[in-house]
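Position one of the sequence shown corresponds to residue 1 (our numbering), numbered consecutively onward.
Quick notes on the structure that follows.
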Amino acid sequence: MPDRPTPTQILDRITTDALALHRALRTSTTDQRTLAAWVTETQELADTALYLFRVLAQHRPHTTSAELLLLERVAHIAKAAQDSGAELAAALARAVENRRRRADAVSERVVLVGPSPQQFIESATDLLDRIPTLYHAIHRDRLIPPSPLTHQPH
Numbered sequence: 001m002p003d004r005p006t007p008t009q010i011l012d013r014i015t016t017d018a019l020a021l022h023r024a025l026r027t028s029t030t031d032q033r034t035l036a037a038w039v040t041e042t043q044e045l046a047d048t049a050l051y052l053f054r055v056l057a058q059h060r061p062h063t064t065s066a067e068l069l070l071l072e073r074v075a076h077i078a079k080a081a082q083d084s085g086a087e088l089a090a091a092l093a094r095a096v097e098n099r100r101r102r103a104d105a106v107s108e109r110v111v112l113v114g115p116s117p118q119q120f121i122e123s124a125t126d127l128l129d130r131i132p133t134l135y136h137a138i139h140r141d142r143l144i145p146p147s148p149l150t151h152q153p154h
């Protein structure tokens, strides 16, 4: 087993983590601690995707359309994770704002403005859907570099 994970292993981990987070967003109850944890998870996904981008950019000349397409798709994976994190951070901010408005309300009727936290979460979920789609496109088009151990595409 290599000391460092291969690009294929990193991409596999990003996609597995994105799918797990996607399931959690669809099925879990939402409180502020959970939202904060999800923001952190999406930031970690984005960091990992950007790390993969740097690894791929560092070791290849990127002269062919396929090599550039791989970099583009990895960059889109990082963007999807970052955008998802931004939506979750907006959900967290809105949830806290709504809670504060309810606490400050003089009457039981509270006016809440703008998208609900759940709408931001749904948007984050939609953004996470892009990651497995890009993953499958990378493998379908055989863009991932060969494994250094086998010299075969994953």
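Beta carbons are placed, not taken as given, at the ideal position from N, Cα and C, and that holds for glycine.
(1) Considering only heavy atoms of the ligand SAM, does any lie closer than 7 Å to the CB of V110?
(2) Have a look at T150 and V74 and give me their C-alpha separation to the nearest angstrom.
(3) Once DSSP output is grouped into helix, strand and coil, what is the label at T64?
(4) Please go through the same chain and pick out, in chain order, the residues whose beta-carbon is closer than 8 Å to the beta-carbon of R26, but skip the five residues on each side of it.
(5) For L19 and T42, what's the separation of their Cα atoms in angstroms?
(6) Can you give me the start and stop residues for the alpha helix (DSSP H) that T8 sits inside?
(7) Locate the alpha helix (DSSP H) running through R142, then write down its first and last residues.
Looking at the atomic coordinates:
(1) The ligand content of the structure shown is nil, which means the ligand SAM is not present either.
(2) Note that T150 has pLDDT 38, beneath the 50 cutoff, so the model's placement of it is unreliable and no number is given.
(3) T64: coil per DSSP, three-state reduction.
(4) T125
(5) 11 Å
(6) P7 to T27
(7) Unbroken run through R142: none, as it is neither H nor E.
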